[in-house]
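Okay, structure first, notes after.
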Amino acid sequence: MGQTIHKVIFVLLTIYGCHCHEGHDHGTIAAEVLYEWLEVDYTWPNEMTRHKAIDERIFIPANNAIYGIRLLKNKSFVTTPRLKEGVPSTLNFIVQVASATSVAGYDILLRPYPSWEMQKVGDCNALQLVQNIEIDPRQGYMYVIDIGHTFKNSNTGVKCPAKLIIYDIVNDNEVHRHIFPEEVVRKDNNYLSDLVLDYANGKASFLYITDTLDLKLVVYDIERDSSYFFHHMESMAPVMQYSNVTIAQEVVRVITGINGIAISPNFTHVYYSAVAGIHVYQIPTSVLRDSKGSVRFGDAVRQIGSKPSQGEGMIISKTGNMYFSALSENAIYKWDFINDSITYGSEGNIMMDSVSLVISNEFMQWVDSLALDDTGYLWFTSSRFQRFFNPYYGQVYMESIYAVWRAFVFDKSYNDFRYIPPKSKVVKYYANDVSNYTGNIFLVILVYLLSLSR
Numbered sequence: 001m002g003q004t005i006h007k008v009i010f011v012l013l014t015i016y017g018c019h020c021h022e023g024h025d026h027g028t029i030a031a032e033v034l035y036e037w038l039e040v041d042y043t044w045p046n047e048m049t050r051h052k053a054i055d056e057r058i059f060i061p062a063n064n065a066i067y068g069i070r071l072l073k074n075k076s077f078v079t080t081p082r083l084k085e086g087v088p089s090t091l092n093f094i095v096q097v098a099s100a101t102s103v104a105g106y107d108i109l110l111r112p113y114p115s116w117e118m119q120k121v122g123d124c125n126a127l128q129l130v131q132n133i134e135i136d137p138r139q140g141y142m143y144v145i146d147i148g149h150t151f152k153n154s155n156t157g158v159k160c161p162a163k164l165i166i167y168d169i170v171n172d173n174e175v176h177r178h179i180f181p182e183e184v185v186r187k188d189n190n191y192l193s194d195l196v197l198d199y200a201n202g203k204a205s206f207l208y209i210t211d212t213l214d215l216k217l218v219v220y221d222i223e224r225d226s227s228y229f230f231h232h233m234e235s236m237a238p239v240m241q242y243s244n245v246t247i248a249q250e251v252v253r254v255i256t257g258i259n260g261i262a263i264s265p266n267f268t269h270v271y272y273s274a275v276a277g278i279h280v281y282q283i284p285t286s287v288l289r290d291s292k293g294s295v296r297f298g299d300a301v302r303q304i305g306s307k308p309s310q311g312e313g314m315i316i317s318k319t320g321n322m323y324f325s326a327l328s329e330n331a332i333y334k335w336d337f338i339n340d341s342i343t344y345g346s347e348g349n350i351m352m353d354s355v356s357l358v359i360s361n362e363f364m365q366w367v368d369s370l371a372l373d374d375t376g377y378l379w380f381t382s383s384r385f386q387r388f389f390n391p392y393y394g395q396v397y398m399e400s401i402y403a404v405w406r407a408f409v410f411d412k413s414y415n416d417f418r419y420i421p422p423k424s425k426v427v428k429y430y431a432n433d434v435s436n437y438t439g440n441i442f443l444v445i446l447v448y449l450l451s452l453s454r
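1 is the number of the first residue of the sequence shown in the numbering used here; add one for each residue after it.
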C-alpha cells in the first residue's frame with residue numbers, strides 16, 4: 001500500500017509540476033494584460049455631457065491615470081487620483097461597454113463609484129482624491145481614504161479635511177464615515193497613500209494608513225471610531241540617495257516617504273517602506289493598537305532587509321508570501337516570509353533573506369498597486385508614471401500607457417478567510433481558468449495521499 005501511494009504521489013508531482021511551470025520563463029511567472037488604455041474614459045450619462053466636460057476642462061483624458069486596484073466578486077475597482085486638472089472621477093470600477101466603433105466590439109470604461117454625485121471637486125462631502133482602497137471580503141466592505149484636496153493649483157482652492165468612507169459594496173450604500181481630526185491628518189499637508197486592515201480578535205478592528213507626505217502611520221480604530229498616528233523619521237522619511245528612479249532610461253525624481261504597507265497573515269506585525277528608499281521595516285501590531293503609546297515606536301521598529309529597487313505597492317498573502325514592486329526593474333519580487341520565520345525562529349526576529357524574482361516584463365513600467373483575488377491570481381496596475389508629468393505625455397507615446405495585469409501565483413489575500421470560493425462566481429469571472437482548478441484538485445489529492453502515507 002505504501003509503495004503504491006508513493007508511486008501515485010510521484011505521478012501527481014510530475015503532472016502538477018508540468019502544469020505549474022507552463023508558460024514560465026527562467027523561473028518567473030508569465031503575466032497577462034487584462035485591460036489596457038492609451039487614454040482612460042468613463043461611462044458618461046450621455047455624449048453631450050462628455051463633450052461639455054471636455055470643453056470646460058472637467059475632463060482632460062491625458063490627465064487621468066489608473067493607480068490603485070482591489071477586487072470583489074465580479075468587480076474590479078480602480079482609483080484615478082486627481083494629480084492634475086481634469087479628472088472627473090477618482091474611484092471607479094471597470095466595465096465593458098458595447099461599441100460599434102471599436103475593433104473589439106466593446107470599450108473598457110470606468111464607471112464612477114458609488115456615483116457621479118460623489119465625485120464633485122470642491123464638495124467636501126464627496127470624494128476629492130483617492131489613491132488606494134482596501135476591501136474586507138468577509139463583510140463586503142470597502143475602506144476608502146480620501147486625501148481631501150485635489151491637484152496642485154486647483155481652481156477651486158478648496159481643501160477639505162481628510163476622511164475615511166466605508167461602503168457596503170454588496171448593497172451599494174455608505175456604512176460610515178470618519179473625518180480625520182486636524183491634529184491627526186493635516187488637510188493642507190497630507191497624502192494618504194496606502195492602507196491595510198488588521199483583524200484583531202478575528203474581525204476587522206484597525207486600519208493602518210501611510211501618509212507619504214507628512215511621514216506618518218495613521219491608525220483608525222474601527223470599533224472606537226477614533227484615529228491617531230505614529231511618526232518615526234528614521235524609517236518613514238525619504239532617503240535622498242534613492243530619490244531618482246530610472247525606468248526604461250527615463251529618470252523621475254520622487255521625494256516621497258512611507259508608502260507601501262502590508263500585514264502578516266497572523267496579524268502580529270506590519271511592514272512598510274518609503275518610495276524613495278529600499279529598506280523594509282517591521283513594527284508589531286501590539287504597538288499600533290495602543291493609542292496611549294505605552295511602548296515607544298522607535299524602540300519597537302526594526303529594519304529587516306532591503307528591496308532590489310525602489311517600489312510602491314506591497315501585499316502579503318494568506319500563505320505568507322510578500323509580493324512587492326521593483327520600479328527600476330519593471331518587476332515584482334516575492335519574499336518567502338514563512339521560510340525566513342522558520343529560519344529565525346520567530347517573526348519578531350525575522351530578516352528578509354528569501355527574496356526572489358517572480359514577474360518581469362519590460363512593459364510593466366511603474367507597477368503601482370498589487371491585489372490578490374480568491375482564485376490564486378495576483379493583480380497589479382502599471383501606469384508609466386515616469387512619463388506622467390511630461391508635457392507631451394499621451395501625444396508622443398502612442399502606445400498603451402495604463403494596464404491591469406494578472407498572474408497566477410496560487411495565493412490568496414491576507415484577509416481572505418474563505419476557503420472554497422463559490423463555483424458559480426469563479427466560472428462567471430474567469431471563463432478560461434479550468435487548468436488552474438485542475439491544479440488545485442491535484443494539490444488536494446496530494447495532501448490526502450501524503451496523510452495516508454505517514
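Yeah, the Cβ is synthetic: ideal placement off N, Cα and C, and Gly gets one too.
Would you report the Cα separation of residue 411 and residue 130, rounded to the nearest angstrom? Cα to Cα, residue 411 sits roughly 27 Å from residue 130.
Let's see if you can read the secondary structure: which residues bound the alpha helix (DSSP H) around residue 51? 47–55
Between the C-alpha atoms of residue 182 and residue 282, what's the straight-line distance to the nearest angstrom? 27 Å
Can you grab the Cα-Cα spacing for the pair residue 51 / residue 295, in whole Å? 56 Å
Beta strand (DSSP E) containing residue 324: first to last residue? Residue 324 -> beta strand (DSSP E) spans 321–326.
Candidates 246, 275 and 270: closest to residue 255 by CA position: Taking only the C-alpha atoms, the option nearest residue 255 is 275.
Cβ neighbour criterion (16 or more within 10 Å) applied to residue 106: Classification of residue 106: exposed, given that the 10 Å Cβ count is below 16.
With a threshold of 6 Å on Cβ separation, who are the neighbours of residue 29 within its own chain once the five nearest residues in sequence on each side are excluded? 358, 359 and 407
Residues near residue 371 by beta carbon distance below 6 Å, same chain, minus five either side: 69, 70, 71 and 379
Would you tell me roughly how many angstroms separate the C-alpha atoms of residue 53 and residue 386, rounded to the nearest one? 27 Å
For residue 263 and residue 62, I'd like the C-alpha separation in whole angstroms. 35 Å
Let me check understanding here. Comparing Cα to Cα, which of 109, 99, 113 and 415 lies closest to residue 265? 415
I need the straight-line Cα distance from residue 108 to residue 195, nearest angstrom please. Taking the straight line joining both Cα atoms gives about 27 Å.
For residue 113, I'd like the list of residues in its chain whose CB is within less than 7 Å of its CB, leaving aside the five on either flank, ordered along the chain. 77, 91, 92 and 93
Contacts around residue 4, its chain only, beta-carbon distance under 7 Å, and the 5 residues preceding and following it disregarded: Its pLDDT being 45, under 50, residue 4 is placed unreliably in this model, and the coordinates cannot settle the point.
Relative to the alpha-carbon of residue 81, which residue among 160, 119 and 44 has its alpha-carbon at the smallest distance? 119
My guess is that residue 221 and residue 291 are in contact by the Cβ rule of under 8 Å, so how many angstroms apart are they, rounded? Your pair residue 221 and residue 291 checks out as a contact, with CB atoms roughly 7 Å apart and the cut at 8 Å.
Identify the continuous alpha helix (DSSP H) that holds residue 151 and give its terminal residues. Taken as a continuous stretch (DSSP letters only), residue 151 belongs to no alpha helix (DSSP H), as it is neither H nor E.
Alpha-carbon to alpha-carbon, residue 66 and residue 166: 21 Å
In three-state terms, what does DSSP make of residue 297? helix
Ends of the alpha helix (DSSP H) at residue 173? Counting along the chain, residue 173 falls outside any alpha helix (DSSP H), though it belongs to the beta strand (DSSP E) covering 173–179.
Kindly confirm or deny that the stretch 303–311 and the stretch 326–341 touch, where touching means at least three C-beta pairs closer than 8 Å. yes
Have a look at the DSSP bridge pairing and note the partners of residue 474. This structure cannot speak to residue 474, because the chain is shown only from 1 to 454.
Under 8 Å, do residue 280 and residue 286 count as touching if we go by C-beta distance? Inclusion of residue 280 and residue 286 in the CB contact set at 8 Å is not warranted, their separation being larger than that value.
Consult DSSP for residue 479 and reduce its assignment to one of helix, strand or coil. Residue 479 lies beyond the stretch modelled for the chain, which goes from 1 to 454, so this question has no answer here.
Looking at C-alpha atoms only, which residue of 258, 121 and 225 is the closest neighbour of residue 176? 225
Out of 84, 35, 244 and 289, point me to the one whose CA is closest to residue 206's CA. 289
For residue 136, tell me which candidate among 374, 84, 102 and 57 has the shortest Cα-Cα distance. 374
Comparing alpha-carbon positions, which option in 365, 123, 363 and 335 lies nearest residue 455? No information on residue 455 is available, as it lies outside the stretch 1 to 454 that the chain covers here.
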